[in-house]
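Student:
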Amino acid sequence: MGKKRAGRKVRVDFRPNRQQPRRRDDWTRQYRAEADRLEDEKLVESVRAKGELSRKRTILVDQHELPAVDESMWLHGTVTRVHGLICTVNDSQGRSWECTVRRVLRTLLIETRSPVIVGDRVWFSDQSKVSGGKLVGVIERVDPRTSCLSRRDARKRRHAIVANADQLLAVVSVAQPRLRPHLVDRYIVAALKGQLRPVLCFNKMDLLEEGSLAENEEQDRGELTVREAIDEFRRLGYQCICTSVVTGVGLPELRDALQDHLTVLSGQSGVGKSSLINALQPGLKLPTREVSADTEKGRHTTSRAELLRLDFGGYVVDTPGIRAFDLWAVAPGELEAFFVEFIPYVQKCRFGDCSHRYEEGCAVIAAVQAGQISPRRYRSYVKMFSEV
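Residue numbers (our numbering): 1 to 388.
#1: Taking 8 Å as the limit between beta carbons, can you name the residues of its chain near Glu360, skipping five residues before and five after?
#2: With the cut-off set at 8 Å, would you say Leu251 and Thr263 are in Cβ contact?
#3: Tell me whether the beta-carbon of Leu168 lies closer than 8 Å to the beta-carbon of Val199.
#4: How big is the Cα-Cα spacing for Val368 and Thr146?
#5: Out of curiosity, what's the CA-to-CA distance linking Val89 and Pro375?
#6: Please confirm if the stretch 80-100 is in contact with the stretch 117-137, defined as three or more CB-CB distances below 8 Å between the two stretches.
#7: For Arg158, which of helix, strand or coil comes out of DSSP?
#8: Pick out the complete beta strand (DSSP E) segments inside the stretch 223-296, 3 residues or longer, and give them in chain order.
#9: Run the CB neighbour count on Arg180, radius 10 Å, all protein chains shown included, and call it buried at 16 or more, exposed below.
#10: Classify Val130: buried if its beta carbon has 16 or more other beta carbons within 10 angstroms, exposed otherwise.
#11: Helix, strand or coil for Val69? Go by DSSP, reduced to three states.
#12: What's the C-alpha gap between Ser125 and Ser269?
#13: Where does the unbroken alpha helix (DSSP H) through Tyr182 begin, and where does it stop?
#14: Pull the bridge partners of Asp126 from the DSSP assignment, please.
#15: Could you check the C-alpha separation between Ser275 and Gly84 for me, to the nearest Å?
#16: For a quick check, are the C-beta atoms of Cys87 and Val116 less than 8 Å apart?
#17: Report back the beta-carbon spacing between Val122 and Gly77 to the nearest angstrom; my notes put them in contact at under 8 Å.
#18: Residues in its own chain within less than 7 Å of Cys240 by CB, not counting five upstream and five downstream?
#19: Cα-Cα, which of Val162, Ser355, Arg141, Gly314 is closest to Ala305?
#20: For the alpha helix (DSSP H) that contains Pro198, what are its first and last residues?
#21: Count the other CB atoms within 10 Å of the CB of Lys273; is the residue buried (16 or more) or exposed (fewer)?
#22: Could you work out which residue in Thr80, Ala329, Arg178, Ser72 is closest to Thr225 when comparing CA atoms only?
#23: Terminal residues of the continuous alpha helix (DSSP H) containing Ala367?
#24: Within the continuous beta strand (DSSP E) that includes Val316, where are the two ends?
#25: For the candidate residues Arg158, Gly283, Leu149, whose alpha-carbon lies nearest to that of Ala165?
#26: Less than 8 Å separating the beta-carbons of Val118 and Leu280?
#27: Beta-carbon within less than 7 Å of Gln354's beta-carbon, same chain only, minus the 5 sequence neighbours each way: which residues are those?
#28: Of the residues Arg357, Glu228, Thr319, Glu341, which one's Cα is nearest the Cα of Gly267?
#29: Label Pro67 either buried or exposed according to how many other C-beta atoms from any shown protein chain fall within 10 Å of its C-beta, with 16 as the threshold for buried.
#30: By DSSP's criteria, Gln347 is part of a beta bridge. Which residues make up the other side?
#31: CA-CA distance, Gln364 and Val174?
#32: Considering just the uninterrupted stretch of the alpha helix (DSSP H) at Ser173, what are its terminal residues?
#33: Hey, how far is the Cα of Val245 from the Cα of Thr80?
#34: Restricting to Cα atoms, I'd like to know which of Met205, Leu236, Tyr345, Phe342 is closest to Ser171.
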């Protein structure tokens, strides 16, 4: 039998609507209902605590400022799905539990929009005895995360998507919708920031082989063609997998890349994330939809992130498709570290705080002019610098 770990005591606020003591008497209501009784209402004395400490509770926390684990009372598991206030948690025996989150834990993790997300390893208390034997519980603690993929939402807040994955599979399409290399750069930066290995999947290669206008459109705009963009990412050292669900090309390589890993799938709506997973494991039968021919935008088919087990080994997290991926918590000064081709030149810049945009004596700009750094990647860096 395990023991509760030692910790220290801290004071935690109650939720806001418990900060004010409850009113004992509603004189207006009583007057309207029974006006004659007001004269006879007895006054009572009451003793109330004063000060802010009276509206706090004391809990035991560890070195991570999280509730200390009580192994004798709690179970350990992994969050596989989050739907509103309900989290689906799989324990070590493979059982699936429907759990809520202890309010005091949400208070401790109030800085994040999602205190509990898919992939989190959690400790939860068994509440099945009070629910007729149904497997339900209350999440008491979230273990520290080894990695976390986050983005910035419409309200400029952090939206944590997946925790504890080891790689990010950024799925983009070469047509319908067309390839956006700058978005691929964002995925790479988000992965590196979240301690994830980026893997790039270029889907719908059958459209390119059929003579799609994608290549000609890029050439008309003076931009890189699809194949040139893929070669550029490969030269930077990123694994690039070209796939097609229609022809089956690249699927064996994709299966090898996913095997024995916990992989986050991310990409715009309509790029074919769910179709790829269905092709690798047809039994999942994830819903798919067609891309609009007019807007080249896909419709959302995955409504929430979900951890899916692969029969050939490993797990994937299918995330809702997004049309933009705003970076979270990437400071302008650290952006240079996520552009691997910049690293050899950063130390040669004249100024230590060089932003590599306009400074005199910038070694990165000189490398771009000398053809040692891709002009497209440099323009992407400058654009991203202004975005973050």
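Ideal placement from N, C-alpha and C gives every residue a C-beta, glycine not left out.
Tutor: The answer reads as follows:
#1: Arg350
#2: no
#3: yes
#4: 35 Å
#5: 47 Å
#6: yes
#7: strand
#8: 239-242, 262-266
#9: exposed
#10: exposed
#11: coil
#12: 37 Å
#13: One point to set straight first is that residue 182 is His, not Tyr, in the sequence displayed. Where His182 is concerned, the enclosing alpha helix (DSSP H) stretches over 181-193.
#14: Gly137
#15: 26 Å
#16: yes
#17: 6 Å
#18: Leu200, Phe202, Ile230, Phe233, Arg234
#19: Val162
#20: From DSSP, Pro198 is part of no alpha helix (DSSP H) but of the beta strand (DSSP E) over 197-203.
#21: buried
#22: Arg178
#23: 363-369
#24: 315-318
#25: Leu149
#26: no
#27: Looking at the sequence provided, one finds Cys at residue 354 rather than Gln. Closer than 7 Å at Cβ, skipping near neighbours: Cys362.
#28: Thr319
#29: buried
#30: According to DSSP, which records beta bridges pairwise, Gln347 is partnered with nothing at all.
#31: For clarity, residue 364 is Val in the given sequence; the question names Gln instead. Cα to Cα, the separation comes out at about 30 Å.
#32: Per DSSP, Ser173 belongs to no alpha helix (DSSP H); it is in the beta strand (DSSP E), 167-173.
#33: 26 Å
#34: Residue identity differs from the one stated: residue 171 is Val in this sequence, not Ser. For Val171, the nearest C-alpha among the options comes from Met205.
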